[in-house]
Amino acid sequence: MFRTLAALLLIVPSLTLADMPPIEESELQPGGEGTVEPMYDIDVFALPAANLSIIQELDFQFGSGLFRKRWQPLDEGNYRMDGLGPLYNTNSCLFCHIKDGRGYAPDGTSFETSYEVVSMIGKVGVPADEGAYMDEMEEYLAALDPDFEPMRPHPVYGYQIQDHAIEGHKPEGSISVIWHPEEVTLADGVVVTLRRPEFSIEGLAYGPLGEHAFSPRITPQLTGLGLLTAIPEDAIKSKADPLDEDGDGISGRAQITWSDILDRPALGRFGWKGSAATVRDQISVALRNDMGVSSDLQPDDAGDCTAAQPECLNAPHGRGAAEEYEALTASLRGLTVYAENIGVPARRDADDKQVLQGRKVFGEIGCAACHTPKWQTGEVVGQPQLSNQTIWPYTDLLLHDMGPELADDFPEMLASGREWRTPPLWGIGLIDLTNGREDYLHDGRAGSLLEAILWHGGEGQSARDAVIELSTSDREALLAFLKSL
Ligand code: HEC
Ligand code: HEC
Numbered sequence: 166m167f168r169t170l171a172a173l174l175l176i177v178p179s180l181t182l183a184d185m186p187p188i189e190e191s192e193l194q195p196g197g198e199g200t201v202e203p204m205y206d207i208d209v210f211a212l213p214a215a216n217l218s219i220i221q222e223l224d225f226q227f228g229s230g231l232f233r234k235r236w237q238p239l240d241e242g243n244y245r246m247d248g249l250g251p252l253y254n255t256n257s258c259l260f261c262h263i264k265d266g267r268g269y270a271p272d273g274t275s276f277e278t279s280y281e282v283v284s285m286i287g288k289v290g291v292p293a294d295e296g297a298y299m300d301e302m303e304e305y306l307a308a309l310d311p312d313f314e315p316m317r318p319h320p321v322y323g324y325q326i327q328d329h330a331i332e333g334h335k336p337e338g339s340i341s342v343i344w345h346p347e348e349v350t351l352a353d354g355v356v357v358t359l360r361r362p363e364f365s366i367e368g369l370a371y372g373p374l375g376e377h378a379f380s381p382r383i384t385p386q387l388t389g390l391g392l393l394t395a396i397p398e399d400a401i402k403s404k405a406d407p408l409d410e411d412g413d414g415i416s417g418r419a420q421i422t423w424s425d426i427l428d429r430p431a432l433g434r435f436g437w438k439g440s441a442a443t444v445r446d447q448i449s450v451a452l453r454n455d456m457g458v459s460s461d462l463q464p465d466d467a468g469d470c471t472a473a474q475p476e477c478l479n480a481p482h483g484r485g486a487a488e489e490y491e492a493l494t495a496s497l498r499g500l501t502v503y504a505e506n507i508g509v510p511a512r513r514d515a516d517d518k519q520v521l522q523g524r525k526v527f528g529e530i531g532c533a534a535c536h537t538p539k540w541q542t543g544e545v546v547g548q549p550q551l552s553n554q555t556i557w558p559y560t561d562l563l564l565h566d567m568g569p570e571l572a573d574d575f576p577e578m579l580a581s582g583r584e585w586r587t588p589p590l591w592g593i594g595l596i597d598l599t600n601g602r603e604d605y606l607h608d609g610r611a612g613s614l615l616e617a618i619l620w621h622g623g624e625g626q627s628a629r630d631a632v633i634e635l636s637t638s639d640r641e642a643l644l645a646f647l648k649s650l
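Printed below as a string of C-alpha cells:
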C-alpha cells in the first residue's frame with residue numbers, strides 16, 4: 166500500500182483541493198493505526214481494530230459474542246443474562262445491524278440470512294406543552310437554544326413502536342412503506358429515479374396514536390466509533406457556525422444531549438440526530454427500547470412498556486436475585502468495547518486516477534464542508550489504541566438543516582425536525598459488499614450513493630445542485646471516490 170504513496174505525492178501539486186487537505190500517508194489508513202484490511206466477505210464491519218492489545222481483543226471477542234446473542238424471554242429456561250421484552254423489535258443486535266452492516270426500510274424484498282431481520286425502528290413522541298420543561302436538562306437546553314422543542318414519549322406507545330412481543334403480549338404494530346418514484350434529470354441527460362417514502366404504522370394494538378410525531382430510522386453500520394468518541398469535544402464545537410458567520414450557507418450546530426454514563430450534558434455524537442453522547446449510552450437505550458432489556462443505565466425491566474400497558478409493565482422480568490439487571494454491567498461493558506473497536510477499513514484504489522479526480526471534486530463542490538475529511542484524536546485514558554490518531558472519517562459530527570424533503574419533524578434534544586448529524590463516510594464504499602444491497606440516509610430511501618446526494622437539501626442544496634451540473638466524468642469520479650472510502 167505505501168509503495169503507491171510516492172506516486173500519490175507526485176500528483177498533489179497539480180491539484181487544487183478546496184476544503185480538502187493535501188493527500189498524506191495517513192489517508193490510506195483512515196482509522197489510524199487500528200485500520201484493517203477489509204475482508205471481502207461478511208466480516209467487513211466486524212473485524213477488531215488492528216492495534217488492540219491481546220487483553221482488549223479478548224474483551225472485543227466477548228462483546229462480539231454478546232452482539233450475536235439471541236436474547237430469550239424469562240420463561241424459556243435460560244434466564245441468566247436474559248429477560249427479553251415483553252415488547253421488543255428483535256432479540257439480537259445482529260438482526261438489526263445486519264452482518265454488522267446496515268438495515269433497510271421494509272420494502273417487501275427478502276434478505277438472504279438464516280434469521281428474520283428487523284432493520285428499521287420507528288421513534289414516536291408528542292411535543293411537550295410550550296415552556297413546560299421537565300427537568301434541569303431541558304431548562305439548560307432551552308437556555309442554549311431559544312428554539313428548543315422538548316418532546317415526550319408517546320403516552321401509550323412510549324419512545325418507539327415495538328413490532329414483536331413475547332408470548333401472551335401483543336406487538337404494538339408494524340412499520341410499512343409505500344414508495345413513490347420521482348425522476349431527476351442530470352445536466353448530461355442521465356435520468357435518476359428517486360423513491361419518496363410514505364411510512365405508516367399498521368395493526369396498532371393499543372389504540373390509535375392520535376396526534377404524534379414519527380421518525381423512521383434504519384440501522385447504521387458500526388465502524389470506528391471509539392475514534393469518533395476520541396475527537397476532543399472542543400475541536401468539534403469550534404467547527405460549529407450556528408449563525409453562518411462565514412457566509413458559506415452552511416451553519417452546523419453542536420448537538421447537546423444528556424449522558425447517563427458521564428452524568429452530565431455532553432456533545433451528542435451517535436444516532437442519526439446525535440442523540441447519544443457515548444456508545445455506551447446508545448447501547449443501553451438499544452437494550453431498553455429495541456429488546457426490552459434493563460441495564461445499570463436504563464433500569465426499566467419492562468423496557469419501553471408504558472403505564473397505559475399495565476399487563477406489559479407487570480409481566481415477570483429477567484432480573485434474578487444475584488444479577489444486578491437483565492443485562493449485567495459486564496455485558497454492557499463488553500458490548501461497548503466491541504462497538505467502539507470495530508476496525509475502520511483501509512482505503513481501496515486511493516491512488517487511482519479517477520478516484521483522485523473525485524477527491525478533488527468532493528472538495529470543490531463543498532461536500533467536505535460538512536463531511537470533514539480529517540481529524541486528530543485526543544488522549545483517551547487507558548485507551549492507547551484510540552489516542553493521538555490521525556483519522557479520516559468524513560464527518561463534522563454536527564447537525565445540519567437538510568431541508569424539508571429529509572425533515573421528519575421529530576426534534577431530539579437540540580436537533581430540530583429538519584436537522585441531521587453528518588454521517589461519517591468511512592467504509593461507505595463497502596456497504597453493498599456486506600449487505601448485498603445499498604440503503605442510505607436515515608430512512609433508507611436512497612438506493613445508491615448518487616440518490617443519497619440528490620436528496621441533500623437545505624444547507625446541502627448547493628452541493629447537490631452542483632452534482633446535477635457536473636460533467637459525466639466528474640460525477641463518475643466523485644462516485645468512484647466515495648466507493649474507495
Ligand atoms: C431494532 C433494531 C436495532 C437493534 C436490535 C439494535 N440496534 Fe443499534 N441502532 C439501530 C438504529 C435504528 C440506530 C440509529 C439510532 C438513532 O438514529 O437514534 C442504531 C444505532 C446504534 C449505534 C450508534 C451508531 C452510530 O454510528 O451512530 C450503536 C453503537 C448501536 N446501535 C449498537 C447496538 C448494539 C450493541 C445493539 C445490541 C445490544 C443494538 N445496537 C441493537 C437499530 C438497532
Ligand atoms: C450541509 C452539510 C452537508 C453537505 C454539504 C453534504 N452532506 Fe452528505 N450528508 C449530510 C447529512 C446531514 C446527511 C444525513 C442525512 C439523512 O440521513 O437524512 C448526509 C448523508 C450523506 C450520504 C449518505 C450517508 C449514509 O450513511 O447513509 C452520502 C453518501 C453523502 N452525504 C455524501 C455527500 C456528498 C458526496 C456531498 C457533496 C456533493 C455531500 N454529502 C454534501 C450533510 C452534508
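So the numbering used here is basically just the index in the sequence shown, starting at one, shifted up by 165. Glycine included, each C-beta is placed from N, C-alpha and C at the ideal position. For clarity, every value in this text was computed on a predicted model and none was experimentally measured.
{"query": "How big is the Cα-Cα spacing for Ile-366 and Pro-588?", "result": "26 Å"}
{"query": "Flag this pair as touching only if the stretch 306-315 and the stretch 331-340 have three or more C-beta atom pairs under 8 Å; answer yes or no.", "result": "no"}
{"query": "Name the DSSP bridge partner or partners of Arg-583?", "result": "Paired residue(s): none; Arg-583 is not in a bridge."}
{"query": "Could you pull out every residue in the same chain whose Cβ sits closer than 6 Å to the Cβ of Ala-171, ignoring the five residues on either side in sequence?", "result": "Because Ala-171 carries a pLDDT of 42, less than 50, the predicted location of this residue cannot be relied on, and no value is offered for it."}
{"query": "Quick check: the Cα distance between Gln-554 and Gly-412, rounded to an integer number of angstroms?", "result": "31 Å"}
{"query": "Counting only runs that start and end within the stretch 287-347, where is the beta strand (DSSP E) found for 3 or more residues in a row?", "result": "316-318"}
{"query": "Report buried or exposed for Leu-521, applying the criterion of at least 16 other Cβ atoms within 10 angstroms of its Cβ.", "result": "buried"}
{"query": "Expressed to the nearest angstrom, what Euclidean distance is found between the alpha-carbon atoms of Ala-645 and Asp-516?", "result": "11 Å"}
{"query": "So Phe-232 is in the alpha helix (DSSP H); what residue range does that whole segment cover?", "result": "219-233"}
{"query": "For Gly-508 versus Thr-384, is the C-beta distance shorter than 8 Å?", "result": "no"}
{"query": "In or out: Ser-229 buried (at least 16 other Cβ within 10 Å) or exposed?", "result": "buried"}
{"query": "Drop a sphere of 10 angstroms on the beta-carbon of Gln-550, count the other beta-carbons inside from all chains shown, and report buried for 16 or more, exposed for fewer.", "result": "buried"}
{"query": "Could you pull the start and end residues of the alpha helix (DSSP H) that Phe-527 belongs to?", "result": "518-529"}
{"query": "When you compare the stretch 414-433 with the stretch 560-576, are there three or more beta-carbon pairs, one atom per stretch, that lie closer than 8 Å?", "result": "yes"}
{"query": "Apply the 10 Å Cβ neighbour rule to Lys-264 and answer buried if 16 or more other Cβ atoms are within range, or exposed otherwise.", "result": "buried"}
{"query": "Less than 7 Å between C-beta atoms, sequence neighbours within five positions excluded: which residues of the same chain meet that for Ala-405?", "result": "Gly-417, Arg-418, Ala-419, Leu-563"}
{"query": "On the three-pair Cβ rule with 8 Å, is the stretch 528-537 touching the stretch 191-204?", "result": "no"}
{"query": "Following the continuous alpha helix (DSSP H) through Glu-367, name the residue where it begins and the one where it ends.", "result": "No alpha helix (DSSP H) holds Glu-367; the beta strand (DSSP E) holding it covers 356-367."}
{"query": "So, are the CB atoms of Pro-381 and Ala-270 less than 8 Å apart?", "result": "yes"}
{"query": "Would you say Leu-571 touches ligand 1, meaning its beta carbon is less than 7 Å from a heavy atom?", "result": "no"}
{"query": "Could you tell me the distance, in whole angstroms, from the CA atom of Leu-530 to the CA atom of Ala-628?", "result": "The residue asked about is misnamed: residue 530 is Ile in this sequence, not Leu. Going from the Cα of Ile-530 to the Cα of Ala-628 covers about 6 Å."}
{"query": "Cα separation between Glu-544 and Met-578?", "result": "28 Å"}
{"query": "Starting from Glu-577, follow its DSSP beta bridges and name the residues at the other end.", "result": "Ala-580"}
{"query": "Using C-beta distances below 6 Å, list every residue in its chain close to Ser-636, excluding the 5 sequence neighbours before and after it, in chain order.", "result": "none"}
{"query": "Indicate whether Phe-232 and Leu-500 have their beta-carbon atoms separated by less than 8 Å.", "result": "yes"}
{"query": "Measuring straight from C-alpha to C-alpha, what distance separates Pro-430 and Ser-339?", "result": "33 Å"}
{"query": "Around the Cβ of Arg-235, are there at least 16 other Cβ atoms within 10 angstroms (buried) or fewer (exposed)?", "result": "exposed"}
{"query": "For Val-283 and Gly-622, what's the separation of their Cα atoms in angstroms?", "result": "29 Å"}
{"query": "Name, in chain order, the residues that DSSP records as bridge partners for Pro-213.", "result": "Ile-507"}
{"query": "Using DSSP with H/G/I as helix, E/B as strand and the rest coil, what is Met-456?", "result": "helix"}
{"query": "Only counting the same chain, and skipping five residues up and downstream in sequence, which positions put a Cβ closer than 6 Å to that of Tyr-322?", "result": "Val-289, Glu-337"}
{"query": "Ends of the alpha helix (DSSP H) at Asp-597?", "result": "596-600"}
{"query": "How would you write the range of the beta strand (DSSP E) that Thr-422 sits in, first residue to last?", "result": "421-424"}
{"query": "Taking the alpha carbon of Val-342 as the point to measure from, which residue in Ile-326, Gly-354, Pro-362 has its own alpha carbon closest?", "result": "Pro-362"}
{"query": "Find out if the Cβ-Cβ distance for the pair Val-458, Ala-504 is shorter than 8 Å.", "result": "no"}
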